[in-house]
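Notes to accompany the following structure.
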Amino acid sequence: MLRLVPLWVFVLLVPTLALATDAPAPTTAAELRQSLTALLDTHHIPGASYAVFDREGTVLRGTIGLTDSGTRAPVTDDTLFRLGSITKTVTAIAIMQLVEQGHFDLQTPVSRLLPDAPIQNPFNDTDPVRVIHLLTHTAGFDDMHAKAFFSPVERRGRHLESSLQHPEPLVVRWRPGVYEGYSNPGYVLLGAILEAHYQQPWDEVVSARVLGPLGITRFATLATQAARGDHASGHTGDDMHRTPVFFEQTQADGALWCTAEDLARLGRFLLTDGATAPGVLRPETVRAMKQTGATVGTRAGGVYGSRLGLQHRIVAGMLWLGHSGGLLGGKASMHFHAEQGLGYVLLLNSENEIRKLEVPLAAFISQRTRWKPPAPTLRPVEGDVDGWYRVVNPRISLAGLPTYLLHASRVRAQGDTLTIEPFLPGFGYQATLKHHGNGLLSDIDYGDVVNGVLVRDGNGAAVGIETGGDFLERTSMVAAVLPLVSVLLSLVLLVSTPFGRRTSLRNRWMRRLPSLALLTLVLGIVCAANLELTLLAHKNWQTVGVWAASVLFPALGVAGVVLSVRTWRQEPAALARWRCLLGSASVVCLSTWLATFGMFSFALWRW
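Taking mature numbering (1 follows the signal peptide of the UniProt record, and there is no 0), I'd label the letters of the sequence shown as residues -20 to -1, 1 to 587.
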């Protein structure tokens, strides 16, 4: 059961990386299976399918556990698992075919291909959203809103129609091609481009032009198709209870089902620069998919982040390329390592965990190849880097306010080390980075793999840090600290308002109004904490409660300030009247922050 508050925590605090481990590396197929089996049991995952591949074919494959905790049916080599966002790689290949054929290029504005696309771009005159921005998640779009995730009936194709029905995420939040912000709606538009060009549904396009030519035969593009055969049901929680299959609004961003062995064919195609399926894409095009990025960090020499339908991932202290997928009831990963010439596929029918299960697969590959990453050559950080920085590219706008308040940190350089420390220890963005020269950075929590870059302006002054997909923009100490201080001080003043002698005020509404505002805030938080992801798009007691709180809270604050000012001279108790005035003013301050980030009259069913 996904609730709103854990979703915020996930978006804000979980990096797109996987930690290294000191566990012994499995050296044989039997040891690998044993490691994976133990981890499935530890993390309460019913079943899995996996494969290891090289440039020649599938090195090994295996299945573990059950497709369904209720029926107890075992996972087989033919079991279809949901791939989630690995689907994006298939969509990207189909788009790159059209680029190869000269129908458009990566710099073509999306509005030229989809004139009716409801993109709202305040930078359009100089910086339109281009095809490359959709492929690399750099358009500045919000991520998918909840009401655009699910459909009461299963839909096929009609990607442009879906964008027209749900245009809210297609508001450009920053200049396209500056920062990365993972966005499913960008791939919905790519699906619409394919359908507009071929005049066919997306699934027919990719089946005939990508999956079939790659030799992938065991797949499904709709949940109803998968349900007619051997498929893995979704699960969640320590009790491994089943999750219902929710129909998706669109397909191009995450609808595919596949077997591990068949998905390994996609991995081999990318690993070999297209050599395993000649004619699908030219070798130079596949290489471009693996190398082309579109952020200020990339232009500053950064080597980590989204590419054309692909993303980097750090597993077991090594940098991999591929894609992962996560959805209600399942997770998937398909990644390869060019220097070792091998890759892996891991498919799970639970959303509980995947990163820790990838580690033995990665370790098995490195044990097999005896490959060792080159020793890092660290360099002192040069120039004026010390100062305050703030994360400016939250994945979803819903997390905009907590990101703005908590993810402002102080950066200090000492020798070859950059330390990033938040204003409030233990809250916000914190990291220790090592400098490898030329501005390239690695996070010590993930080994020596470069996953960041120091961005400088034309004069060589540091203006930002891109690390792990996050961009920290340089700011002043006042701009970094004052917003959080104002919020914390307002909360303290508001919480203290209800206390005091009841007889000290002639007009007791001076205290009642801010006290009611505090109660409204608490009830709004309770409603938000009880929201399931599948309920966000509907009117229910939780969403109506959040909306009511977002309206009543500021109204009570304004009323409290007005009443305090009007009755100021009539109240003899100086301490009591100041406490009430400051309490109501605190409500107004907090409401201003909420309104700034779009949370006044916040109706989730319209968001």
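Backbone N, C-alpha and C define an ideal beta-carbon position, used for all residues, glycine too. All of these numbers come straight from a predicted model, not from anything done at the bench.
Sort out for me which residues DSSP pairs residue 455 with in a bridge. Paired residue(s): 368.
In three-state terms, what does DSSP make of residue 164? Correct three-state label for residue 164: helix.
For residue 289 versus residue 539, is the C-beta distance shorter than 8 Å? no
Reference residue 49; option with closest CA among 359, 344, 513, 28: 28
For residue 24, list the residues DSSP reports as bridge partners. Answer is none; residue 24 lacks a bridge partner.
How close, in whole Å, do the beta carbons of residue 114 and residue 42 come, if the pair is a contact with beta carbons under 8 Å? In fact, because the Cβ distance is near 36 Å, the residues do not count as touching under 8 Å.
Own chain residues within Cβ distance below 7 Å of residue 81, not counting five before or after: none
With a Cβ-Cβ cutoff of 8 Å, do residue 501 and residue 529 count as a contact? Going by beta carbons, residue 501 and residue 529 fall inside the 8 Å limit.
Between residue 408 and residue 386, is the Cβ-Cβ spacing less than 8 Å? yes
How about residue 416 and residue 356: are their beta carbons less than 8 Å apart? Taking the C-beta atoms as reference points, residue 356 is found nearer than 8 Å to residue 416.
Touch check for the region 125 to 144 and the region 514 to 521: three-plus C-beta pairs under 8 Å? Output reads yes: the region 514 to 521 touches the region 125 to 144.
For residue 102 and residue 144, believed in contact at Cβ under 8 Å, the rounded distance: Their Cβ separation, rounded to whole angstroms, is 20 Å, which puts residue 144 and residue 102 out of contact at 8 Å.
Counting only runs that start and end within the region 123 to 209, where is the alpha helix (DSSP H) found for 4 or more residues in a row? 139 to 145, 164 to 178, 182 to 186, 203 to 207
Tell me residue 238's beta-bridge partners as DSSP assigns them. 61, 199
By the three-class DSSP mapping on this structure, what secondary structure does residue 40 have? strand
In its own chain, which residues sit with a C-beta less than 6 Å from the C-beta of residue 211, not counting the 5 before and 5 after it? 60
Touch check for the region 193 to 202 and the region 235 to 253: three-plus C-beta pairs under 8 Å? Contact between the region 193 to 202 and the region 235 to 253 is present, because at least three Cβ pairs lie under 8 Å.
Pop quiz: residue 320 and residue 345 are said to be a contact at Cβ under 8 Å. What is the actual Cβ separation, rounded to whole angstroms? 6 Å
Shorter than 7 Å, the distance from the beta carbon of residue 401 to the closest heavy atom of the ligand FAD, or not? With respect to small molecules bound, the structure shown includes none, and the ligand FAD cannot be examined in it.
Inter-residue spacing [alpha-carbon to alpha-carbon] between residue 572 and residue 463: 11 Å
Is the separation between the beta-carbon of residue 177 and that of residue 78 shorter than 8 Å? yes
For residue 527, count the other beta carbons within 10 Å of its own beta carbon; 16 or more makes it buried, fewer makes it exposed. Which is it? By the 16-neighbour rule on beta-carbons within 10 angstroms, residue 527 is buried.
Counting pairs of Cβ atoms below 8 Å between the region 296 to 311 and the region 422 to 440, do you hit three or more? yes
Please say whether residue 233 and residue 65 have beta carbons closer to each other than 8 Å? yes
Leaving out five residues before and five after residue 580 in sequence, what residues of the same chain have Cβ atoms less than 8 Å from its Cβ? 530, 531, 534, 571, 574
Whole angstroms are fine: how far does the CA of residue 174 sit from the CA of residue 40? Straight-line Cα distance between these residues: approximately 35 Å.
Is it true that the CB of residue 186 sits closer than 8 Å to the CB of residue 70? yes
Taking C-alpha atoms, which residue in 76, 442, 86, 557 lies nearest to residue 476? 557
Span of the beta strand (DSSP E) holding residue 402? 397 to 402
Starting from residue 112, trace the alpha helix (DSSP H) in both directions and tell me its first and last residue. Where residue 112 is concerned, the enclosing alpha helix (DSSP H) stretches over 111 to 116.
Using DSSP bridges, identify the partner residues of residue 54. 46
Beta bridge counterpart(s) of residue 587 as assigned by DSSP: BP columns for residue 587 are empty, so no partner.
Considering just the uninterrupted stretch of the alpha helix (DSSP H) at residue 71, what are its terminal residues? 67 to 80
Residues near residue 9 in its chain [Cβ-Cβ closer than 6 Å; skip 5 each side]: Contacts found: 40.
Taking only three categories from DSSP, how would you classify residue 284? coil
Could you give the DSSP three-state label for residue 306: helix, strand or coil? Here residue 306 sits in strand by DSSP.
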